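Asker: There's a structure below that I have some questions on.
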């Protein structure tokens, strides 16, 4: 954005910071106070407390004002404390009686650690350098408003392991840009899971593919998607043999057969399962499990399978290493960054509204929340519609208070690269 230099200069000289940020820089009002305790000095004198007032914010960047100008060493200590509450911030140390201001800000620069800058302004000066810097920051903040979730993820360090988790397979397709149709109506749980496993494998998501394949075999043998070790032992199935069998069944189902329609593919994958289970002697008779393994719906005859499977992903060095999967595909995983995507707009139905209530009918939502928040090693990002966030603030305000940035309507209130910098240390002040 282009700012009105004359109007900004007038606000600077009159110490009218609220008008400056709200009307000329386009920031939102913010009302908060932050008390910064200072440690005792080396002579043993008791430490004091400095009160800062937050008066404006934009996309997580908070502006504070302090009614005095402490020495540089004290400002360093204050800066260190503020960073715990607001990673990016302005602090304006203002002594109106002397016409002096010290502007201090912490701002992320791409590929660099957080850096703290210090700029002095005298009301008798033109303030051109300060105005120029404010305009640069205003432009960069406006540009970040255009960043979508996917674009933000692509800006993270190349070695970061990132996983976006959703509630439904359909949402996975929407986020990944896959043009395949919804899952066909096989009407057989085992084949449904294998279909999802093959699609995940074709997209390059081997972890989700294996999880879905395990669910398919688990339903066939045990009528559960997640058989326990005790269940395997009861049928005398060794864990290594179990995993190897799952892989072989997945690869067989993944194989392309020319002119194969959905019905033919479903029948073939059913036979693959039957043959392998029989060969490994995992069941005594077909009656133990045959009721859960049937042919797919006959209406799928002559339905082209190619319409329901994505193209095989060929990864290159330039391919960003993040995966999009459902909640079922991240069991047992950990990631540098875990993103939970909650696209529902309804108030009563949105998943976030029912997290952690002590009601058994919401156990699925608690499970989603637990998996989402236990998988990230460094960062958890919640992408949600504003209705979801508003409802969540009323139900679980303490949970919402933990977040510094929240995503709304598929747009980030902070660039994900910016959020990731929470792991970085602030470098010392540099005076200009």
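In my numbering, the protein residues as written are 1 to 432. Beta carbons are placed, not taken as given, at the ideal position from N, Cα and C, and that holds for glycine. Predicted, not measured: the structure shown is a model, and the values here were computed from it.
(1) Which whole-angstrom value describes the C-beta separation of residue 30 and residue 57, a residue pair presumed to lie in contact below a C-beta threshold of 8 Å?
(2) Does DSSP put residue 433 in a helix, in a strand, or in coil?
(3) Since I believe residue 246 is in contact with residue 220 (beta carbons under 8 Å), could you give me their beta-carbon distance rounded to a whole number of angstroms?
(4) Along the chain, where does the beta strand (DSSP E) containing residue 163 start, and where does it finish?
(5) Measuring straight from C-alpha to C-alpha, what distance separates residue 393 and residue 383?
(6) Give the C-beta separation of residue 28 and residue 68 to the nearest angstrom, bearing in mind that I take them to be a contact with Cβ-Cβ under 8 Å.
(7) Could you spell out the range, first to last residue, of the alpha helix (DSSP H) harbouring residue 78?
(8) Going by other Cβ atoms of all chains shown within 10 Å of its Cβ, with 16 needed for buried, is residue 75 buried or exposed?
(9) Is the beta carbon of residue 85 less than 9 Å from the beta carbon of residue 102?
(10) Taking 8 Å as the threshold, find out whether the stretch 249–267 comes into contact with the stretch 294–306 through three or more Cβ pairs.
(11) Nearest to residue 190 by alpha carbon, out of 166, 273, 230?
(12) I believe residue 77 touches residue 333 by the beta-carbon criterion, under 8 Å. Please report the beta-carbon distance rounded to the nearest angstrom.
(13) Taking 7 Å as the limit between beta carbons, can you name the residues of its chain near residue 242, skipping five residues before and five after?
(14) So, for residue 462: in the same chain, excluding its five sequence neighbours on each side, which residues have a beta-carbon less than 8 Å away from its beta-carbon?
(15) Helix, strand or coil for residue 37, going by three-state DSSP, please let me know.
(16) Would you mind sorting residue 358 into buried or exposed? The rule is 16 or more other CB atoms within 10 Å of its CB.
(17) Would you call the CB atoms of residue 198 and residue 209 closer than 9 Å?
(18) For residue 341, which residues from the same chain have a beta carbon less than 6 Å from its beta carbon, with the 5 sequence-adjacent residues on both sides left out?
(19) Rounded to whole angstroms, what is the Cα-Cα separation between residue 32 and residue 53?
(20) Would you call the CB atoms of residue 196 and residue 324 closer than 9 Å?
(21) List, from N- to C-terminal side, the alpha helix (DSSP H) runs of 4 residues or more that fit wholly inside the stretch 201–282.
(22) Going by beta carbon distance, what residues of the same chain come within less than 7 Å of residue 13, once the five residues before and after it are set aside?
(23) Quick check on residue 190: does DSSP put it in helix, strand or coil?
(24) Can the beta-carbon of residue 50 be found less than 9 Å from the beta-carbon of residue 35?
(25) Enumerate in chain order the residues of its own chain whose CB-to-CB distance from residue 371 is below 8 Å, with the five nearest sequence positions on each side excluded.
(26) So what's residue 410 in DSSP terms, helix, strand or just coil?
(27) Residues in its own chain within less than 6 Å of residue 10 by CB, not counting five upstream and five downstream?
(28) Consult DSSP for residue 13 and reduce its assignment to one of helix, strand or coil.
(29) Can you give me the C-alpha to C-alpha distance between residue 132 and residue 5, rounded to a whole angstrom?
(30) Using the DSSP secondary-structure output, state which residues sit across from residue 324 in a beta bridge.
(31) Residue range of the beta strand (DSSP E) that residue 95 falls in?
(32) Could you have a look at residue 52 and say whether DSSP puts it in helix, strand or coil?
(33) Does the Cβ of residue 192 have 16 or more other Cβ atoms within 10 Å, making it buried, or fewer, making it exposed?
(34) On the DSSP letters alone, give me the boundaries of the beta strand (DSSP E) that residue 65 sits inside.
(35) Among the residues of its own chain, which have a CB less than 7 Å from the CB of residue 276, if the five just before and after it don't count?
(36) Helix, strand or coil, according to DSSP, for residue 336 in the structure here?
Answerer: Put simply:
(1) 4 Å between Cβ atoms; contact.
(2) Outside the shown range of the chain, which is 1 to 432, sits residue 433, and nothing can be said about it.
(3) In this structure, residue 220 and residue 246 do not form a Cβ contact; the two beta carbons are roughly 11 Å apart against a cut-off of 8 Å.
(4) Going by DSSP, residue 163 is part of the beta strand (DSSP E) stretching over 162–166.
(5) For residue 393 and residue 383, the distance between alpha carbons rounds to 14 Å.
(6) Actually they are not in contact, since the Cβ atoms of residue 28 and residue 68 sit about 26 Å apart, beyond 8 Å.
(7) It spans 72–82 - the alpha helix (DSSP H) in which residue 78 sits, taken as one unbroken run.
(8) Buried, since its Cβ has 16 or more Cβ neighbours within 10 Å.
(9) Going by beta carbons, residue 85 and residue 102 fall outside the 9 Å limit.
(10) Contact check between the stretch 249–267 and the stretch 294–306: three or more CB pairs, one atom from each, fall below 8 Å, which counts as touching.
(11) Measuring from the Cα of residue 190, the nearest candidate turns out to be 273.
(12) Actually they are not in contact, since the Cβ atoms of residue 77 and residue 333 sit about 40 Å apart, beyond 8 Å.
(13) The residues are 232.
(14) Since the displayed the chain opens at 1 and closes at 432, residue 462 lies outside it and no answer follows.
(15) Here residue 37 carries a strand assignment [DSSP, helix/strand/coil].
(16) Residue placement at residue 358 is poorly supported in this model, since its pLDDT is 47, which falls under 50; the coordinates are not used for a value here.
(17) For residue 198 and residue 209, yes; Cβs fall inside 9 Å.
(18) Excluding residues up to 5 positions away in sequence, 164, 166, 383 lie with their Cβ nearer than 6 Å to the Cβ of residue 341 in the same chain.
(19) Roughly 6 Å separates the two Cα atoms.
(20) No, they are not a contact pair.
(21) Entirely contained in the stretch 201–282, the alpha helix (DSSP H) runs reaching 4 residues are, in chain order, 206–222, 229–234, 239–254, 262–279.
(22) Taken in chain order, the residues that qualify are 123.
(23) Three-state DSSP puts residue 190 in a helix.
(24) Contact flag set, yes.
(25) Cβ within range, chain order: 165, 327, 330, 331.
(26) Because the pLDDT of residue 410 is 43, which lies under 50, any placement of that residue in the model is unreliable, and the number read from its coordinates should be weighed accordingly. Residue state, collapsed to three classes: coil.
(27) Closer than 6 Å at the Cβ level, and outside the excluded window around residue 10, lies no residue.
(28) Residue 13 falls in the helix class under three-state DSSP.
(29) So the alpha carbons of these two residues sit roughly 9 Å apart.
(30) BP columns for residue 324 point to 164.
(31) 89–95 is the extent of the beta strand (DSSP E) around residue 95.
(32) Note: residue 52 maps to strand in three-state DSSP.
(33) Taking all protein chains shown into account, residue 192 has 16 or more neighbouring C-beta atoms within 10 Å of its C-beta and is therefore buried.
(34) Looking at the DSSP string, the run of the beta strand (DSSP E) that includes residue 65 is 61–66.
(35) So the list reads 245, 248, 249, once near-sequence residues are dropped.
(36) Note: residue 336 maps to strand in three-state DSSP.
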